[in-house]
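**Q** For reference, the structure I am asking about is given below.
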Amino acid sequence: MAAYLNRTISLVTGQTGPADDDRHASSTDTVDKSGPGSPLSRLNSSLQPSGSTLAANLLPESRLYQSNDKSPLQIFVRAKKKINDIYGEIEEYVHETTTFINALHAEAEIVDKAERELFESYVYKVAAIREVLQRDHMKVAFFGRTSNGKSSVINAMLREKILPSGIGHTTNCFCQVEGSNGGEAYLMTEGSEEKLNVVNIKQLANALCQEKLCESSLVRIFWPRERCSLLRDDVVFVDSPGVDVSANLDDWIDNHCLNADVFVLVLNAESTMTRAEKQFFHTVSQKLSKPNIFILNNRWDASANEPECQESVKSQHTERCIDFLTKELKVSNEKEAAERVFFVSARETLQARIEEAKGNPPHMGAIAEGFQIRYFEFQDFERKFEECISQSAVKTKFQQHSSRGKSVSGDMKSMLDNIYERITIFRNLKQDQKNLLTERIQGTETQMMQVTREMKMKIHNMVEEVEEKVSKALNEEIWRLGVLIDEFNMPFHPERLVLNIYKKELNAHVESGLGSNLRARLSMALAMNVESAQTEMTDRMHALVPNEQLLATSTKMVVRTQPFEMLYSLNCQNLCADFQEDLEFKFSWGITMLKTIGWRVLVGVGALYGCIYLYERLSWTNSAKERTFKSQYVRHATKKLKMIVDLTSANCSHQVQQELSSTFARLCRTVDTATTDMNDELKTLDSQLNILEANQKQLKLLRNKANYIQNELDIFEHNYISPQ
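In structure tokens, the structure reads:
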């Protein structure tokens, strides 16, 4: 009784300080010891329903309750909005991460299929949690015996007669009242999506009607949110049949009570708590850990008819309810249990609120004396109910989701850390490959420049050497030209036609002989020198190219397979085309010679002269003419050949230069191709490194987002789950 009076004082005076905390400290003796002049007596006398005094002392509910924004239920509303916002960020984060991981899996073999599928599974998990969060609400379940006034209590809290109530067995199934966003009320039966007019609740839920539903079936009533602040704040009410109607209590609990945040046991204050009511909550406490239970002793307005035993009955009911909560169910201590027991009149409260909605004072709905106290008691129940259900619902509905959000972000962060480490290792490997390739390219270019200088010098020296050797050999062959011409033994005849053929054949013989002699003396040595130089070039250049690239390049290059052969272009036909032979007989002792001898000896030698002339004239045969012809040809050919010695030697050296230069150019193309391939590979590595670097940055960003989400959930838990 003392707790009740203290609670009433706090409501009237608005005090919720230490006096409110100590409201149960005093014993029931306080009531007995308070005299007529005590504050409690004055309070009781001032609260008697006597005309204008009743209206004056009855405070409007707007002063007893905080505004909707400061309602305890707003804690749940704000928590629900916050956790939904956080899970919106989590869903966006999971989608972003999964998209990134799928792209990463396609680009490189860094993420395996199992990891990718695990990331994708988080998308469905978070989507499922978000769907549950959208449906999460504060749920209160009302239980008690038949006709104890469960439906009336719900109607009083909703400030409107929604559920059927009356004498007898009224509610034959579970009725769930929840808010709807539309302006019209409707209901839906279990297993059906059809929206029925809310008037039909009397046919579906009233046990007096012929159309009955199974006791464990559920009828969902959707009531416009703007018509009730509790529904607007996501509170769902579940009305049940009487616990004495069916023995299927386990099915009831499993189907409708496991997700309830608060249980309200509605008792009939005109009787005591029954075994069926106790048994039901014993079963509830076995399935749920410390359920939040409020006990309403309804129909307390009947006690006004027997004022002499009102306090004793109230003390007896209070003691039994506290013992039930503390000793039997063991769900709370005595102080908490005393805060959970109330004596109300739901029908009276509903009538008062209906009158208040019409603009009349609440006491217009009073049924008996003591209305103010019962009305304040009901308001006190609502306030404590709101505080309890808000705190309980936040913990039961959102704590698990917060933990799962932390688990998802933590698991994803751990997986991202592993992927980041693998990318780091892979990037370091690619960086080492790039450094090695860069050094190889730089080394190749440096060595290429050095080899090019050396090979150019070698080609230059070899060209000069060939030119010198060819010049020397050709001069020696020209000096021995007479021997070569003497070897020509074609029949000679001074006739012009025959002589022209003779000269043509002689030119061919000289050209062939000189060429043959030069090849015999030079070609083998020159070919060996050229081949040696080519081998050296090839070895030096191939050393600059990796073997795998050398093999790939060599298959594309057309390599000369024939050995080098020097060509000596003498062209004696054109060279000696202007040769004019002189085969006229000329006496060796001509007039010029006689002048040198003098006339004094002419007579002495006349005879000798005649004999010699006769001899030479007789010996001027074709053989003599041939010898003369060859002698003249030797002089002419020697003169002409000496004129082309430099040209021929230069031509031969040019052939060597062309051969070596073409070989070197081909090898340079091989090296250039290999260098180009290495540069392309370097560009590919740069591109891969840039992608890996971008991936690392994105992974860091995603890890930071995971940390941010975890911090947001920590703040959420600090503010709503376990506030200080």
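Residues in the sequence shown are numbered consecutively from 779, following this note's numbering.
Note that the Cβ used here is the ideal one computed from N, Cα and C, for glycine as well.
1. With DSSP as the reference, label K1108 as helix, strand or coil.
2. Roughly how many whole angstroms lie between the Cα atoms of R1318 and Q1209?
3. Which class does E993 belong to by DSSP, given the choice of helix, strand or coil?
4. Can you tell me which of the three DSSP states G957 falls into?
5. Just to check my reading of the structure: I1197 and I868 have Cβ atoms closer than 8 Å, yes? What is that Cβ distance to the nearest angstrom?
6. Could you tell me which residues DSSP pairs with R998 in its beta bridges?
7. Output yes or no for whether 7 Å exceeds the beta carbon distance between E993 and V1040.
8. For D1101, name the three-state secondary structure that DSSP assigns.
9. Mark I1493 as exposed unless 16 or more other C-beta atoms lie within 10 angstroms of its C-beta, in which case mark it buried.
10. Within this structure, are the beta carbons of D1012 and K1175 separated by less than 7 Å?
11. Just to confirm, is the Cβ distance from I1256 to T1453 under 7 Å?
12. Helix, strand or coil for V1013? Go by DSSP, reduced to three states.
13. What is the DSSP secondary structure of M1315, reduced to helix, strand or coil?
14. With a Cβ-Cβ cutoff of 7 Å, do H1095 and N1075 count as a contact?
15. Does the distance from the C-beta atom of F921 to that of F1120 stay below 7 Å?
16. When the distance is taken between beta carbons, is T876 closer than 7 Å to F897?
17. Distance, Cα to Cα, F736 vs M935?
18. Just grab the DSSP bridge partners of N1075 for me.
19. Report the rounded CA-to-CA distance for I1145 versus F854, giving the unit in angstroms.
20. Looking only at C-alpha atoms, which of T1104, D1101, V997 and E874 sits nearest to K973?
21. Rounded to whole angstroms, what is the Cα-Cα separation between L1214 and M1190?
22. With 16 as the cutoff for other CB atoms within 10 Å, does C1035 come out buried or exposed?
23. From this set, G957, A919 and T1050, which residue's C-alpha is nearest A1033's C-alpha?
24. Enumerate in chain order the residues of its own chain whose CB-to-CB distance from E1165 is below 7 Å, with the five nearest sequence positions on each side excluded.
25. Could you give the DSSP three-state label for M1051: helix, strand or coil?
26. Any idea if L1425 is buried or exposed, counting beta-carbon neighbours within 10 angstroms, 16 or more meaning buried?
27. Compute the distance between the beta-carbons of V1186 and Y900, then report whether it is under 7 Å.
28. Taking the straight line between their C-alpha atoms, what separation do you get for F1204 and A1484?
29. I1487 to R856, Cα distance in whole Å?
30. Would you list, in sequence order, the uninterrupted alpha helix (DSSP H) runs of no fewer than 4 residues that lie entirely inside the stretch 1206-1269?
31. Please state if the CB of M1315 and the CB of M1233 are separated by a distance shorter than 7 Å.
32. Is R1413 near the ligand SAH - that is, is its Cβ less than 6 Å away from at least one heavy atom of it?
33. Assign T1224 to one of two classes, buried (16 or more other C-beta atoms within 10 Å of its C-beta) or exposed (fewer than that).
34. Near E1459, what residues of its chain come up, given a Cβ to Cβ distance below 8 Å and the 5 sequence neighbours on each side ignored?
35. With C-beta atoms as the reference, is R1005 less than 7 Å away from N1046?
36. Going along the chain, which residues of its own chain have a beta-carbon closer than 7 Å to the beta-carbon of K1247, five neighbours each way excluded?
**A** The answer reads as follows:
1. To locate residue 1108, count along the sequence shown from 1; it is residue 330. Judged by DSSP in its simplified three-state form, K1108 adopts coil rather than helix or strand.
2. Locating residue 1318 in the sequence shown gives position 540, counting from the first residue. Locating residue 1209 in the sequence shown gives position 431, counting from the first residue. Their backbone Cα atoms lie some 29 Å apart in a straight line.
3. Numbered from its first residue, the sequence shown carries residue 993 at position 215. It is coil, neither helix nor strand.
4. Here the question's residue 957 lines up with position 179 in the sequence shown. Strand, per DSSP.
5. What you label residue 1197 is simply residue 419 of the sequence shown in a count that begins at 1. What you label residue 868 is simply residue 90 of the sequence shown in a count that begins at 1. Actually they are not in contact, since the Cβ atoms of I1197 and I868 sit about 19 Å apart, beyond 8 Å.
6. As a position in the sequence shown, residue 998 is number 220, starting the count at 1. Per DSSP, Q954 and M966.
7. Position 215 of the sequence shown, counting from 1, holds the residue named residue 993. Position 262 of the sequence shown, counting from 1, holds the residue named residue 1040. Not in contact: E993 and V1040 (Cβ atoms no closer than 7 Å).
8. In the sequence shown, residue 1101 corresponds to position 323, counting from 1. Helix.
9. Residue 1493 sits at position 715 when you count from the first residue of the sequence shown. Within a 10 Å sphere around the beta-carbon of I1493 sit fewer than 16 other beta-carbons, which makes this residue exposed.
10. Taking the first residue of the sequence shown as position 1, residue 1012 is located at position 234. Taking the first residue of the sequence shown as position 1, residue 1175 is located at position 397. No.
11. Reading the sequence shown from its first residue, position 478 is the one you call residue 1256. Reading the sequence shown from its first residue, position 675 is the one you call residue 1453. Going by C-beta atoms, I1256 is not nearer than 7 Å to T1453.
12. Along the sequence shown, one-based indexing puts residue 1013 at 235. Of the three classes helix, strand and coil, the one that applies to V1013 here is strand, per DSSP.
13. Locating residue 1315 in the sequence shown gives position 537, where the first residue counts as 1. Correct three-state label for M1315: helix.
14. Residue 1095 sits at position 317 when you count from the first residue of the sequence shown. Residue 1075 sits at position 297 when you count from the first residue of the sequence shown. Yes, Cβ-Cβ distance for H1095 and N1075 is below 7 Å.
15. Here residue 921 is taken as the residue at index 143 of the sequence shown, counted from 1. Here residue 1120 is taken as the residue at index 342 of the sequence shown, counted from 1. Not closer than 7 Å, so no.
16. Counting from one through the sequence shown, the residue named residue 897 turns up at place 119. Counting from one through the sequence shown, the residue named residue 876 turns up at place 98. Yes, they are a contact pair.
17. Here the chain comprises residues numbered 779 to 1502, so residue 736 is not present and cannot be evaluated.
18. Working through the sequence shown from its first residue, we reach residue 1075 at position 297. Its beta-bridge partners are L1045 and F1121.
19. The count along the sequence shown starts at 1 and reaches residue 1145 at position 367. The count along the sequence shown starts at 1 and reaches residue 854 at position 76. One C-alpha to the other measures close to 35 Å.
20. Residue numbering aside, residue 973 sits at position 195 when the sequence shown is read from its first letter. Selected option, being the one with the closest Cα: V997.
21. By one-based count along the sequence shown, residue 1214 stands at place 436. By one-based count along the sequence shown, residue 1190 stands at place 412. The straight-line gap from Cα to Cα measures roughly 36 Å.
22. Numbered from its first residue, the sequence shown carries residue 1035 at position 257. By the neighbour-count rule (16 or more Cβ atoms within 10 Å), C1035 is buried.
23. For the purposes of this step, residue 1033 is taken as residue 255 along the sequence shown, with counting starting at 1. Correcting the residue identity first, residue 1033 is Asn in this sequence and not Ala. When each option's Cα is compared against that of N1033, the closest is A919.
24. Taking the sequence shown and counting its residues from 1, the one referred to as residue 1165 is at position 387. If we look at E1165 and ignore the five residues flanking it on each side, its Cβ neighbours are P850.
25. In the sequence shown, counting from the first residue as 1, residue 1051 sits at position 273. Reduced to three states, the DSSP call for M1051 is coil.
26. As a first step, residue 1425 is located in the sequence shown; it is residue number 647 there, counting from the start. Classification of L1425: exposed, given that the 10 Å Cβ count is below 16.
27. In the sequence shown, counting from the first residue as 1, residue 1186 sits at position 408. In the sequence shown, counting from the first residue as 1, residue 900 sits at position 122. It is a contact, given that the beta carbons lie within the stated cut-off.
28. Taking the first residue of the sequence shown as position 1, residue 1204 is located at position 426. Taking the first residue of the sequence shown as position 1, residue 1484 is located at position 706. Going from the Cα of F1204 to the Cα of A1484 covers about 24 Å.
29. For the purposes of this step, residue 1487 is taken as residue 709 along the sequence shown, with counting starting at 1. For the purposes of this step, residue 856 is taken as residue 78 along the sequence shown, with counting starting at 1. Taking the straight line joining both Cα atoms gives about 18 Å.
30. 1259-1264
31. In the sequence shown, counting from the first residue as 1, residue 1233 sits at position 455. In the sequence shown, counting from the first residue as 1, residue 1315 sits at position 537. Result yes, Cβ atoms of M1233 and M1315 sit closer than 7 Å.
32. This structure lacks the ligand SAH, and indeed carries no ligand of any kind.
33. One-based indexing of the sequence shown puts residue 1224 at position 446. T1224 should be labelled exposed.
34. Taking the first residue of the sequence shown as position 1, residue 1459 is located at position 681. Once the five neighbours on either side are set aside, the close Cβ partners of E1459 are L1215.
35. Along the sequence shown, one-based indexing puts residue 1005 at 227. Along the sequence shown, one-based indexing puts residue 1046 at 268. For R1005 and N1046, no; Cβs fall outside 7 Å.
36. By 1-based counting over the sequence shown, the position of residue 1247 is 469. Here the set comprises L1300.
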